[in-house]
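Below is one structure, written out as structure tokens, with a few remarks after it.
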Amino acid sequence: MNLLEINNLSIQFSIDNGVKQAVNNLSLEIAEKEIFCLIGESGSGKTVTALSLIGLITGTPGVVNGQVSFENKNLFYFEEKNGVNKLNMKSEKLLTELRGKRISIVFQEPVSSLSPYYTVGEQIAESLRNMEGYKNAKRDHPLVIKILQKVRFKYPDQVAKLYPHELSGGMAQRVMIAIALVNNPQLLIADEPTTSLDATIQLEILELLKILNQELKLSILLITHDINVASHYGDRIAVMLAGEIIEIGTKFEIFFNNRNHPYTSDLINSYKLIKKPNYSEPRSSLPVDGCQYYSRCPLVQEQRINYHSCRDSKPSFINIENDHKIKCWFYAHEPHN
Ligand SMILES: Nc1ncnc2c1ncn2[C@@H]1O[C@H](COP(=O)(O)OP(=O)(O)O)[C@@H](O)[C@H]1O
Ligand SMILES: [Mg+2]
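Residue numbers (the working numbering): 302 to 638.
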């Protein structure tokens with residue numbers, strides 16, 4: 302069953318010289334107990350997508366549109382304000398109720414997400430106090446220790462007494478995950494949770510997420526720019542480019558079917574080539590009406606397909622298999638489609 306359904310999500314920001322379309326008609330579903338990887342280069346719209354799900358775009362000049370439902374409940378209700386469709390109070394209320402409770406989020410910089418003035422135990426207890434029945438929980442509450450055990454600290458009593466500056470990056474991220482789990486969420490959003498960590502620690506945190514996914518039947522939206530992470534941990538994967546999902550499918554389809562969007566192929570090949578996970582390339586500077594990858598796409602460069610359609614009009618999703626879709630004119634022009 303689907304836990305989360307996003308339909309035609311669009312996010313725009315007003316900027317000095319016009320409008321920045323950060324997310325464009327994005328649709329995806331996350332099933333119960335699944336790890337869903339959203340992968341894409343920096344600036345492709347991963348973080349704003351995640352923030353919109355917990356109502357954190359509403360306070361900024363961003364305009365959100367589309368439908369989002371969680372546990373079969375609509376989250377997005379709109380109302381016109383100064384000529385702009387804005388999420389209304391009902392949405393704000395629903396999103397506030399879910400945030401940190403049914404949907405939790407952990408970010409890239411764990412240390413800066415913690416308050417420097419309180420111990421780990423105090424900060425976990427603070428989250429605990431938001432929960433029904435735990436209004437007076439203190440830092441030595443048994444659940445604080447239990448939650449630290451859940452994220453695999455061997456000496457939870459000692460960790461509870463530490464201040465954030467006494468934690469390594471990996472420990473701090475474990476603490477952030479612990480805080481995110483306090484209210485037993487159904488969905489954990491992990492936005493590049495290991496990007497700031499050393500390689501071996503990255504692995505520990507990702508393995509921990511996998512364990513929690515299985516142990517707690519927790520769905521995880523794992524946001525990463527690292528195709529290698531997606532290939533190891535994603536049950537299903539969506540590839541994002543310039544605000545759009547250009548390919549979506551099961552891990553098997555994306556990595557073993559040999560039919561990919563040229564951008565995904567480039568990501569996979571460059572990873573194999575350099576054997577180094579942090580792939581990044583300069584982004585094409587100007588948005589185009591057609592495919593956002595056209596200026597970098599080897600298939601276009603080889604003139605194997607219609608250059609003008611790639612540049613001038615957006616391809617729609619082509620169904621490659623059950624649960625595998627690609628937005629690319631190359632597949633639209635294949636004889637059997
Ligand atoms: N508050 C904002 N105002 C204007 N533009 C923004 C804002 N937040 C994000 N953006 C823009 O939206 C795009 C997507 O950003 P983001 O979701 O952070 O990308 P990613 O997480 O994939 O690196 C970027 O071009 C970014 O500059
Ligand atoms: Mg981001």
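Glycine included, C-beta positions come from ideal geometry on N, C-alpha and C.
Closer than 8 Å: residue i CB and nearest ligand 2 heavy atom
i: K474; result: For clarity, residue 474 is Gln in the given sequence; the question names Lys instead. Flag unset: Cβ of Q474 not near ligand 2.
i: S343; result: yes
i: Q409; result: yes
i: E516; result: no
i: D567; result: no
i: E493; result: yes
Terminal residues of the alpha helix (DSSP H) in which residue i lies
i: A543; result: A543 -> no alpha helix (DSSP H), and no H or E assigned at all.
i: K445; result: Note that residue 445 is Val in the sequence shown, not Lys. Start and end: P443 to K451.
i: D613; result: Y608 to D613
i: G422; result: V421 to R430
i: L354; result: K347 to L354
i: H625; result: Looking at the DSSP string, H625 is not in any alpha helix (DSSP H); the run it does join, the beta strand (DSSP E), is H625 to K628.
i: S414; result: P411 to S414
i: G470; result: G470 to L482
i: K552; result: K552 to F557
i: N529; result: I528 to Y534
Environment of residue i [buried if 16+ CB atoms lie within 10 Å]
i: I312; result: buried
i: V460; result: buried
i: V320; result: exposed
i: T525; result: buried
i: Y418; result: exposed
i: E467; result: exposed
i: N485; result: exposed
i: P362; result: exposed
i: S413; result: exposed
i: T397; result: exposed
i: A438; result: buried
i: S581; result: Low per-residue confidence applies at S581: pLDDT is 46, beneath 50, and the placement is therefore not dependable, though the value from the model is reported in the following sentence. With fewer than 16 Cβ atoms within 10 Å of its Cβ, S581 is classed as exposed.
i: N620; result: exposed
i: L472; result: For the record, residue 472 in the displayed sequence is Met; it is not Leu. By the 10 Å Cβ count, M472 comes out buried.
i: V324; result: buried
i: N638; result: Low confidence applies to N638: its pLDDT is 43, below 50, so where it sits in the model is not reliable, and the reading given next is rough at best. It is exposed - the Cβ of N638 has fewer than 16 other Cβ atoms within 10 Å.
i: K577; result: Caution is warranted here: a pLDDT of 46 is assigned to K577, below 50, making its placement in the model unreliable, and the coordinate value is therefore given only provisionally. K577 is exposed by the Cβ-count criterion.
i: S416; result: exposed
i: V445; result: buried
i: Y456; result: exposed
Closest Cα partner of residue i within the set the options
i: Y564; options: R537, R597, I506 and L329; result: R597
i: A426; options: D492, N559, I480 and Y632; result: I480
i: F553; options: R537, S469, N431 and P486; result: R537
i: R453; options: N437, L482, L339 and A438; result: L482
i: V530; options: F371, I627, I336 and A332; result: I336
i: K387; options: N366, R400 and E423; result: N366
i: C592; options: K374, I490 and D613; result: D613
i: L357; options: E372, L376 and I340; result: L376
i: I549; options: F618, I502 and L568; result: F618
i: Q368; options: R430, Q424, T348 and L327; result: L327
i: F556; options: Y534, E545 and I546; result: Y534
i: C611; options: E423, A633 and L415; result: A633
i: L520; options: Q322, I406, L504 and T348; result: Sequence inspection shows Ser at residue 520; the Leu mentioned does not correspond to that position. Of the candidates Q322, I406, L504 and T348, the one whose C-alpha sits nearest the C-alpha of S520 is I406.
i: A539; options: K628, T496 and G470; result: K628
i: L542; options: L329, L339, S315 and F314; result: L339
i: S281; options: V589, G544, D590 and S532; result: Residue 281 is absent from the model: the chain starts at 302 and stops at 638.
i: R475; options: Q487, M432 and G422; result: G422
i: K626; options: Q602, T551, T496 and M477; result: T551
i: S391; options: V385, K402 and K374; result: At residue 391 the sequence reads Lys, which differs from the Ser that was named. Nearest C-alpha to K391: K374.
Distance cut-off 8 Å: residue i Cβ against heavy atoms of ligand 1
i: V349; result: yes
i: I524; result: yes
i: I316; result: yes
i: G470; result: no
i: P362; result: yes
i: G544; result: yes
i: A323; result: yes
i: M390; result: no
i: G346; result: yes
i: M302; result: no
i: M477; result: no
i: M541; result: yes
First and last residue of the uninterrupted beta strand (DSSP E) at residue i
i: V324; result: G319 to A332
i: T525; result: S520 to T525
i: D458; result: No beta strand (DSSP E) holds D458; the alpha helix (DSSP H) holding it covers P457 to A461.
i: V385; result: V385 to L388
i: E505; result: Counting along the chain, E505 falls outside any beta strand (DSSP E), though it belongs to the alpha helix (DSSP H) covering A500 to E516.
i: I406; result: I404 to V407
i: Q487; result: Here Q487 belongs to no beta strand (DSSP E), and DSSP marks it neither H nor E.
i: L304; result: N303 to I316
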